[in-house]
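The numbering of the sequence shown is my numbering, which starts it at 1 and goes up by one. Just so it is clear, CB atoms sit at the ideal spot from N, CA and C, and this is done for glycine as well. None of these values were measured; they are calculated from a predicted model. Read the structure below first, then the notes.
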Amino acid sequence: HVCCAPCSTYTLEYLTKYADVTIYFANSNIHPKAEYHKRAYVTKKFVSDFNERTGNTVQYLEAPYEPN
């Protein structure tokens, strides 16, 4: 799973060389709700841009906001 776009940058570049990858955005410790959605948006955009730039087909899944 990832909790923000920066956490997935190198890992995504590395793993897509060897496997099909799905990003699962989730973190119950992010607060407030607006911060969660901001990070989710940026992560989804990063994945989309990454796919466009590299020709990969990384999938993006997002968990609902459920804080601890």
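> For T57, does the three-state DSSP call read helix, strand or coil?
Replying inline: Residue 57 sits at position 57 when you count from the first residue of the sequence shown. DSSP, read as helix, strand or coil, puts T57 in coil.
> For the alpha helix (DSSP H) that contains T16, what are its first and last residues?
Replying inline: Stepping through the sequence shown from its first residue, residue 16 is reached at position 16. If you look at T16, you'll find it isn't in any alpha helix (DSSP H); DSSP assigns it neither H nor E.
> Where do the N-terminal and C-terminal ends of the beta strand (DSSP E) with Y24 fall, by residue?
Replying inline: Numbered from 1 along the sequence shown, position 24 holds the residue referred to as residue 24. Per DSSP, Y24 belongs to the beta strand (DSSP E) from T22 to F25.
>> Just to confirm, is the Cβ distance from A5 to A63 under 8 Å?
In response: Stepping through the sequence shown from its first residue, residue 5 is reached at position 5. Stepping through the sequence shown from its first residue, residue 63 is reached at position 63. Taking 8 Å as the cut-off, the Cβ atoms of A5 and A63 do not count as close.
>> Give me the DSSP bridge partner(s) of V2.
In response: Counted from its first residue, the sequence shown places residue 2 at position 2. Per DSSP, F25.
>> Applying the 10 Å Cβ sphere with the 16-neighbour rule, what's the burial state of S28?
In response: Walking along the sequence shown from the start, residue 28 turns up at place 28. Exposed, because fewer than 16 other Cβ atoms sit within 10 Å of the Cβ of S28.
> DSSP three-state call for E66: helix, strand or coil?
Replying inline: On the sequence shown, residue 66 is found 66 positions in, with the first residue counted as 1. In this structure, E66 counts as coil in the three-state DSSP scheme.
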